[in-house]
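Notes follow the structure.
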Amino acid sequence: MSYPRFFVDLDSIEGNKIVLDGESAKHISRSLRMTAGERIVVCDKQKNEYECVLETFSQDTVTAVIEDVRRSVSEPLYNAVVYQACPKSDKMDSIVQKAVELGAYGIVAFMSDRCVARYDSHGFEKKCERWQKIAKEAAKQSGRGYVPFVRWLPDLKSAVDEMTQKGKAFMCYEDEDALNLKEYIRSTTDEQDISFMIGSEGGFSPKEAEYCRENGIATVGLGKRILRTETASGYVLSCLAYEKEL
Numbered sequence: 014m015s016y017p018r019f020f021v022d023l024d025s026i027e028g029n030k031i032v033l034d035g036e037s038a039k040h041i042s043r044s045l046r047m048t049a050g051e052r053i054v055v056c057d058k059q060k061n062e063y064e065c066v067l068e069t070f071s072q073d074t075v076t077a078v079i080e081d082v083r084r085s086v087s088e089p090l091y092n093a094v095v096y097q098a099c100p101k102s103d104k105m106d107s108i109v110q111k112a113v114e115l116g117a118y119g120i121v122a123f124m125s126d127r128c129v130a131r132y133d134s135h136g137f138e139k140k141c142e143r144w145q146k147i148a149k150e151a152a153k154q155s156g157r158g159y160v161p162f163v164r165w166l167p168d169l170k171s172a173v174d175e176m177t178q179k180g181k182a183f184m185c186y187e188d189e190d191a192l193n194l195k196e197y198i199r200s201t202t203d204e205q206d207i208s209f210m211i212g213s214e215g216g217f218s219p220k221e222a223e224y225c226r227e228n229g230i231a232t233v234g235l236g237k238r239i240l241r242t243e244t245a246s247g248y249v250l251s252c253l254a255y256e257k258e259l
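For the sequence shown, the positions run 14 to 259 when this note's numbering is used.
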């Protein structure tokens with residue numbers, strides 16, 4: 014049976030009890046109109062799940078008693094981080110939502126040469142607050158045991174510097190014919206950390222692709238069809254899930 018799912022920080026767990034406050038407490042008591050004795054699942058953002066029974070309600074908090082603790086079975090055994098060149102309009106909302114549903118460990122937005130939408134640090138901070146909320150709701154809906162992070166970086170160089178620090182990294186590039194996604198994923202069999210870069214509406218410039226190659230990031234083709242920017246990350250994450258989970 015599926016129970017309502019909530020996320021808390023570790024300091025909300027005290028012995029065999031969990032204290033939920035803020036929006037979580039309001040949602041339990043006012044939106045769901047739950048009562049003592051009903052069950053919920055609480056996740057600690059460390060991929061652990063606690064099946065709990067609601068015990069007490071106050072004006073601002075809800076206390077639940079832990080009955081079972083388990084490692085989340087919905088989390089991939091690999092950490093896939095999406096580096097997304099910012100698209101225009103509200104496309105990033107959907108990209109974040111679907112990436113979380115499909116198992117992304119994190120999403121990092123950045124500016125590339127062909128981005129139509131342009132954000133400074135202030136604009137990015139405001140957008141990331143929204144995107145993080147979308148990630149949290151998507152994690153609840155899809156039964157995740159972890160809320161993927163959403164961050165921003167100012168440019169492609171910063172993204173490349175970060176991507177090359179850990180694990181395998183690649184750029185999805187429509188003009189790449191020598192290496193396809195299937196071949197690349199199968200070369201990462203034992204790799205836990207994987208990051209990949211998706212272009213905005215105009216894709217990446219040849220100069221950007223060459224910069225990635227020069228800095229150890231492979232350029233990888235996604236097949237015979239050109240995908241929209243809001244489709245590409247979901248396609249890659251689905252292929253990763255098929256090869257590494259299914």
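Every residue gets a Cβ at the ideal spot worked out from N, C-alpha and C, and that includes glycine.
Exercise for review: Taking Gln154 as part of the beta strand (DSSP E), name the residues at either end of that continuous run.
Suggested key: It is not in any beta strand (DSSP E) - Gln154 instead sits in the alpha helix (DSSP H) that spans Ser134 to Gln154.
**Study point:** Residue of Val160, Gly236 and Glu88 minimising C-alpha distance to Glu196
**Key:** Gly236
Exercise for review: Could you tell me the boundaries of the alpha helix (DSSP H) in which Leu253 lies?
Suggested key: Thr242 to Lys257
Practice item. With a cut-off of 8 Å on the beta carbons, I'd call Ile41 and Leu33 a contact; round off their distance for me. Key: 7 Å
Practice item. Check whether the region 137 to 149 touches the region 76 to 92, taking contact to mean three or more Cβ pairs, one atom from each stretch, closer than 8 Å. Key: no
**Study point:** Closest Cα partner of Glu204 within the set Arg18, Leu253 and Ser107
**Key:** Leu253
Practice item. Report the option in Glu243, Pro167 and Leu166 whose CA atom is closest to the CA atom of Gly212. Key: Glu243
Exercise for review: Keeping to the same chain, check which residues put their C-beta closer than 7 Å to that of Leu250; ignore five residues upstream and five downstream.
Suggested key: Ala93, Ala112, Leu115, Gly116 and Ala117
Check your understanding: Looking only at DSSP bridge pairs, what is Tyr96 linked to?
Key -> Val121 and Met210
Point to revise | Own chain partners of Lys189 with C-beta closer than 7 Å, once the 5 adjacent residues on each side are dropped | key: According to the sequence as given, residue 189 is Glu; it is not Lys. Cβ neighbours of Glu189 beyond the five flanking positions: Thr232, Val233 and Gly234.
Check your understanding: Straight-line CA distance for Ser44 to Lys153?
Key -> 15 Å
Review point. When the Cα atoms are used, what is the spatial distance from Asp73 to Ser37?
Key: 10 Å
Exercise for review: Could you check how far apart the C-beta atoms of Ile53 and Leu67 are, in whole angstroms? I think they sit under 8 Å.
Suggested key: 7 Å
Review point. In the structure shown, what three-state DSSP assignment does Asp190 receive?
Key: coil
Exercise for review: In angstroms with no decimal places, state the Cα-to-Cα distance between Lys58 and Pro161.
Suggested key: 9 Å
Point to revise | CA-to-CA distance, Asp206 to Val55, given in whole angstroms | key: 26 Å
Practice item. Pair every Cβ in the region 126 to 136 with every Cβ in the region 171 to 187, then say whether three or more of these pairs are closer than 8 Å. Key: no
Exercise for review: Return helix, strand or coil for Cys225, following the three-state DSSP convention.
Suggested key: helix
Review point. Is it true that the CB of Tyr91 sits closer than 8 Å to the CB of Phe209?
Key: no
Practice item. Have a look at Ala172 and Met47 and give me their C-alpha separation to the nearest angstrom. Key: 44 Å
Check your understanding: Are the Cβ atoms of Ala182 and Ile147 separated by less than 8 Å?
Key -> no
Exercise for review: Report the residue ranges of all alpha helix (DSSP H) runs contained in full by the region 53 to 93; include only those spanning at least 4 residues, in chain order.
Suggested key: none
Point to revise | Helix, strand or coil at Lys104 according to DSSP, with G and I counted as helix | key: helix
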